[in-house]
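S.K.:
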Amino acid sequence: MTRDIGTIVRKAIRRFSTKASSSSRPSVKDLLDKPEQVMTQFQGERVLKCRTGPPTDTSLASLYRLYQFFVVGWTTAARAEMRYFWQQATWSLVDIPDPKDDVDQIRYTIVAVLVRMLCKEFNVWVDRGFSRGSPITSSSPSAGTSEVPPSTTLGNAGPDMGVASESEERKGHEVPPAWVTVVPRVTEKGGGWVRIPGVRGIPDEHDQGLSEEFWSAGILVEEPYLRLQ
137 MTRDIGTIVR
147 KAIRRFSTKA
157 SSSSRPSVKD
167 LLDKPEQVMT
177 QFQGERVLKC
187 RTGPPTDTSL
197 ASLYRLYQFF
207 VVGWTTAARA
217 EMRYFWQQAT
227 WSLVDIPDPK
237 DDVDQIRYTI
247 VAVLVRMLCK
257 EFNVWVDRGF
267 SRGSPITSSS
277 PSAGTSEVPP
287 STTLGNAGPD
297 MGVASESEER
307 KGHEVPPAWV
317 TVVPRVTEKG
327 GGWVRIPGVR
337 GIPDEHDQGL
347 SEEFWSAGIL
357 VEEPYLRLQ
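Okay, so the sequence shown: first residue is 137 according to this note's numbering, each after it adds one.
(1) Quick check: the Cα distance between glycine 142 and glutamate 310, rounded to an integer number of angstroms?
(2) If you draw a straight line from the alpha carbon of lysine 325 to that of isoleucine 242, how long is it in whole angstroms?
(3) Assuming leucine 199 contacts valine 251 under a Cβ cut-off of 8 angstroms, what Cβ separation, rounded to an integer in Å, is found between them?
(4) Taking the Cβ atom as the reference point for each residue, do glycine 345 and threonine 323 lie within a distance shorter than 8 angstroms?
(5) Buried or exposed: where does isoleucine 232 fall if 16 or more other Cβ atoms within 10 Å of its Cβ makes it buried?
(6) If we ignore side chains and look at the alpha-carbon of each, how far apart do alanine 314 and glycine 328 end up?
(7) In whole angstroms, what is the alpha-carbon distance linking serine 163 and glutamate 359?
(8) Based on the DSSP secondary-structure assignment, which residues constitute the bridge partners of arginine 331?
(9) Under 8 angstroms between the Cβ atoms of glutamate 217 and arginine 363?
(10) Hey, how far is the Cα of glycine 308 from the Cα of arginine 321?
(11) Bridge partners of leucine 254, per DSSP?
(12) Proline 312: which of Tyr361, Gln365, Ala197, Ala248 sits nearest, CA to CA?
(13) Which residue or residues does DSSP assign as beta-bridge partners of leucine 346?
(14) Compute the Euclidean distance between the alpha carbons of proline 271 and arginine 215, then round it to the nearest angstrom.
(15) Which two residues bound the contiguous alpha helix (DSSP H) that contains alanine 213?
(16) Thinking just about the alpha-carbon of each residue, which of Asp263, Val316, Gly265 is nearest to the one in leucine 196?
(17) With 16 other CB atoms within 10 Å as the buried threshold, where does proline 191 fall?
(18) Locate the alpha helix (DSSP H) running through lysine 165, then write down its first and last residues.
(19) Which residue marks the beginning of the alpha helix (DSSP H) containing glutamine 177, and which one marks its end?
(20) I'd like to confirm the pairing. Which residues does DSSP put opposite glycine 337 in its beta bridges?
As structure tokens, this is what we get:
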């Protein structure tokens, strides 16, 4: 009898894990078809007021939540997720595991670009004297600031971008994991751009205000306001 109960429990866990994994990584098309489901899943008001995360959370799970908020254009929730990620002091960006999302290349590339954008924004605040896990305020805790190193766009990253230099380590700079630098540029079937609609509709390559980071990855989307403050 004990063995039968154990078997039932294990099967239930496997079914739950499969369902959770699938629902936490919807395709861009699925997200754009039913954006309201994202708000329902993440309990709208609670996410907007404070991102607390589930009891057992991971950097990769947080990243995929950010991906969903980004695609549906829910900027408030995306920024809340960024702040939540910042507060997890043990979640170094370089340690985010490779999701190996070969099933959906567009989703994989978007996630990779988002990591680079997190890295860029986090380092802005590191250069202002803040450390991961500390509250973000309008006043700098240190005297003076230093110039933020330029971000290397996807596809032009050097082979050592996943390894922090000695100077970066001293400053506490974040660096992206190595897998981010090798995620390929994407194209739609037929070789065209991947286009993510924004407040101005479906973007065109001649539009103003497009994200350079995503442009370099083959994706046309308005520059997202992904800032900690």
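Don't be surprised by glycine CBs; every beta carbon is placed ideally from N, CA and C.
M.R.: Considering the structure as presented:
(1) As a first step, residue 142 is located in the sequence shown; it is residue number 6 there, counting from the start. As a first step, residue 310 is located in the sequence shown; it is residue number 174 there, counting from the start. Low confidence applies to glycine 142: its pLDDT is 41, below 50, so where it sits in the model is not reliable enough to give any reading.
(2) Walking along the sequence shown from the start, residue 325 turns up at place 189. Walking along the sequence shown from the start, residue 242 turns up at place 106. For lysine 325 and isoleucine 242, the distance between alpha carbons rounds to 11 angstroms.
(3) As a position in the sequence shown, residue 199 is number 63, starting the count at 1. As a position in the sequence shown, residue 251 is number 115, starting the count at 1. Correct: roughly 7 angstroms between the Cβ atoms.
(4) For the purposes of this step, residue 345 is taken as the residue at position 209 of the sequence shown. For the purposes of this step, residue 323 is taken as the residue at position 187 of the sequence shown. No, the pair does not count as a contact, with Cβ atoms beyond the cut-off.
(5) Along the sequence shown, read from residue 1 onward, the residue named residue 232 stands at position 96. That one is buried.
(6) Locating residue 314 in the sequence shown gives position 178, where the first residue counts as 1. Locating residue 328 in the sequence shown gives position 192, where the first residue counts as 1. Roughly 27 angstroms between the two C-alpha positions.
(7) For the purposes of this step, residue 163 is taken as residue 27 along the sequence shown, with counting starting at 1. For the purposes of this step, residue 359 is taken as residue 223 along the sequence shown, with counting starting at 1. Rounded to whole angstroms, serine 163 to glutamate 359 spans 20 angstroms at the Cα level.
(8) The residue you call residue 331 lines up with position 195 of the sequence shown. Beta-bridge analysis with DSSP links arginine 331 to Leu356.
(9) Counting from 1 along the sequence shown, the entry for residue 217 is found at position 81. Counting from 1 along the sequence shown, the entry for residue 363 is found at position 227. The answer is no: Cβ separation not under 8 angstroms.
(10) Translated into the one-based positions of the sequence shown, residue 308 becomes position 172. Translated into the one-based positions of the sequence shown, residue 321 becomes position 185. So the two alpha carbons sit approximately 29 angstroms from each other.
(11) Residue 254 sits at position 118 when you count from the first residue of the sequence shown. Leucine 254 pairs with nothing; no bridge assigned.
(12) Counting from one through the sequence shown, the residue named residue 312 turns up at place 176. Residue Ala248 is the option with its Cα nearest to proline 312.
(13) As a first step, residue 346 is located in the sequence shown; it is residue number 210 there, counting from the start. According to DSSP, which records beta bridges pairwise, leucine 346 is partnered with Glu358.
(14) Counted from its first residue, the sequence shown places residue 271 at position 135. Counted from its first residue, the sequence shown places residue 215 at position 79. Taking the straight line joining both Cα atoms gives about 14 angstroms.
(15) Sequence index remark: in the sequence shown, residue 213 carries index 77 (1-based). Counting along the chain, the alpha helix (DSSP H) containing alanine 213 begins and ends at 211–223.
(16) As a first step, residue 196 must be located in the sequence shown, where it is residue number 60. The option with the nearest alpha carbon to leucine 196 is Val316.
(17) Counted from its first residue, the sequence shown places residue 191 at position 55. Its Cβ having fewer than 16 others within 10 Å, proline 191 is exposed.
(18) Locating residue 165 in the sequence shown gives position 29, counting from the first residue. Segment 164–169, the alpha helix (DSSP H) holding lysine 165.
(19) Residue 177 sits at position 41 when you count from the first residue of the sequence shown. 172–177 is the span of the alpha helix (DSSP H), which, as asked, contains glutamine 177.
(20) Here residue 337 refers to the residue found at position 201 when the sequence shown is read from its first residue. Its beta-bridge partners are Gly334.
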